[in-house]
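All remarks here apply to the structure that follows.
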Amino acid sequence: GAVVSQHPSWVICKSGTSVKIECRSLDFQATTMFWYRQFPKQSLMLMATSNEGSKATYEQGVEKDKFLINHASLTLSTLTVTSAHPEDSSFYICSAKGWLDEQYFGPGTRLTVT
Amino acid sequence: QQQVKQSPQSLIVQKGGISIINCAYENTAFDYFPWYQQFPGKGPALLIAIRPDVSEKKEGRFTISFNKSAKQFSLHIMDSQPGDSATYFCAASLKTGANNLFFGTGTRLTVIP
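From first to last, the protein sequence lines stand for chains A and B.
Position 34 of the first sequence, counting from 1, maps to 34 under the working numbering, and the rest follow consecutively.
Here the working numbering runs 1000 ahead of the position in the second sequence, where the first position is 1.
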């Protein structure tokens, strides 16, 4: 299957700072990228959908000013958690979809806000 | 409102046995049904997927059975192995729009030696 990478794999930051997470599709062009959040032992919660070159579409209840998403190219999307707080601590996972149905996930980023 | 309902929540199977996980949906506009496998601390990995025009798809030890009239689909893992111990998620997506996935709640599978 196709490969999606995420960086960093884990990050610890102080409350009030911002953190940027990168998601890259390594061997295919991603027309759409998705960002999810996952709490322990729970399912994936879709945060936003982004298409290359256009603004992201956020799910209800997700603060777009707090979770900034940029899909600058067909292989790169970034999620910036601004002014992070301890309640933002979570496992963030991106996925990428090309022209076909298959959606491939990155390995995830564990964010801990102290 | 959970668009895709998954059961059981957890499953324990003996090595060599068959693991069966079930999912049900309501929205008849769904037209793509993948299954994902997730190990702790990792992202989900696409296992196998099916479209509504076929009733069964098999890849190695993994089989999806699809019942369009009942709006149900299931994952069968034959000859289950301890290495299959993971959380499995079913999902569904629509024909149109962003094609984002609607996930089930997950099934934690444990295969005991």
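All C-beta atoms, glycine included, are put in the ideal place defined by N, C-alpha and C.
Determine the extent of the beta strand (DSSP E) in which residue i is found, giving its start and end residues.
{"i": "L79 (chain A)", "result": "76–81"}
{"i": "P1008 (chain B)", "result": "Premise fails: P1008 (chain B) is in no beta strand (DSSP E) and is neither H nor E."}
{"i": "R1061 (chain B)", "result": "It is not in any beta strand (DSSP E) - R1061 (chain B) carries neither H nor E in the DSSP assignment."}
{"i": "P1034 (chain B)", "result": "1030–1038"}
{"i": "V4 (chain A)", "result": "4–7"}
{"i": "A1086 (chain B)", "result": "1086–1094"}
{"i": "V33 (chain A)", "result": "First, the residue type needs correcting, since residue 33 (chain A) is Met and not Val in the sequence shown. That run of the beta strand (DSSP E) goes 32–38."}
{"i": "N70 (chain A)", "result": "67–73"}
{"i": "Q103 (chain A)", "result": "103–105"}
Mind listing the chain B neighbours of residue i? Cutoff is C-beta to C-beta under 8 angstroms, in chain order.
{"i": "Y104 (chain A)", "result": "L1046"}
{"i": "G53 (chain A)", "result": "Those do not exist, as G53 (chain A) stays about 15 angstroms from chain B at its closest Cβ, beyond 8 angstroms."}
{"i": "S43 (chain A)", "result": "F1089, F1103, G1104, T1105, G1106"}
{"i": "I93 (chain A)", "result": "G1043, P1044"}
List the residues of chain B whose Cβ lies closer than 7 angstroms to the Cβ of residue i, in chain order.
{"i": "P107 (chain A)", "result": "K1042, G1043"}
{"i": "K97 (chain A)", "result": "N1099"}
Please tell me whether residue i has its Cβ less than 9 angstroms away from any Cβ of chain A.
{"i": "Y1036 (chain B)", "result": "yes"}
{"i": "S1093 (chain B)", "result": "yes"}
Report the option in the options whose CA atom is closest to the CA atom of residue i.
{"i": "F1030 (chain B)", "options": "B:I1112, B:D1053, B:T1110", "result": "B:D1053"}
{"i": "S73 (chain A)", "options": "A:S25, A:E63, A:M47, A:V19", "result": "A:S25"}
{"i": "G1041 (chain B)", "options": "A:S9, A:A48, A:Q60", "result": "A:S9"}
{"i": "T32 (chain A)", "options": "A:E102, A:T109, A:G108", "result": "A:E102"}
{"i": "Y104 (chain A)", "options": "B:Y1036, B:D1079, B:P1113", "result": "B:Y1036"}
{"i": "V1111 (chain B)", "options": "B:P1044, B:D1084, B:Q1002", "result": "B:D1084"}
{"i": "S5 (chain A)", "options": "A:W99, A:W35, A:E52", "result": "A:W35"}
{"i": "G1066 (chain B)", "options": "B:Y1032, B:Q1009, B:R1108", "result": "Per the sequence shown, the amino acid found at residue 1066 (chain B) is Phe instead of Gly. Of B:Y1032, B:Q1009, B:R1108, the residue nearest in Cα terms is B:Y1032."}
{"i": "Q29 (chain A)", "options": "A:N51, A:V81, A:K64", "result": "A:N51"}
{"i": "S89 (chain A)", "options": "A:A96, A:S95, A:T112", "result": "A:T112"}
{"i": "A48 (chain A)", "options": "A:F39, A:N70, A:Q42", "result": "A:N70"}
In chain A, which residues lie less than 7 angstroms from residue i when you measure between Cβ atoms?
{"i": "Y1032 (chain B)", "result": "D101"}
Verify the CB distance criterion: does residue i have a CB-CB separation below 9 angstroms to chain B?
{"i": "L144 (chain A)", "result": "Here chain A covers residues 1 to 114 and nothing more, so residue 144 (chain A) does not appear."}
{"i": "V81 (chain A)", "result": "no"}
{"i": "F28 (chain A)", "result": "no"}
{"i": "R110 (chain A)", "result": "yes"}
{"i": "V62 (chain A)", "result": "no"}
Kindly list, in the order they appear in chain A, the residues whose Cβ is closer than 8 angstroms to that of residue i.
{"i": "A1049 (chain B)", "result": "D101, E102"}
The segment 70–87 of chain A touching the segment 1007–1023 of chain B, judged by at least three CB pairs closer than 8 angstroms: no
contact_flag[the segment 1017–1025 of chain B, the segment 1068–1079 of chain B] where n(CB pairs < 8 angstroms) is 3 or more: yes
Contact the segment 85–101 of chain A vs the segment 50–61 of chain A: 3+ CB pairs below 8 angstroms: no
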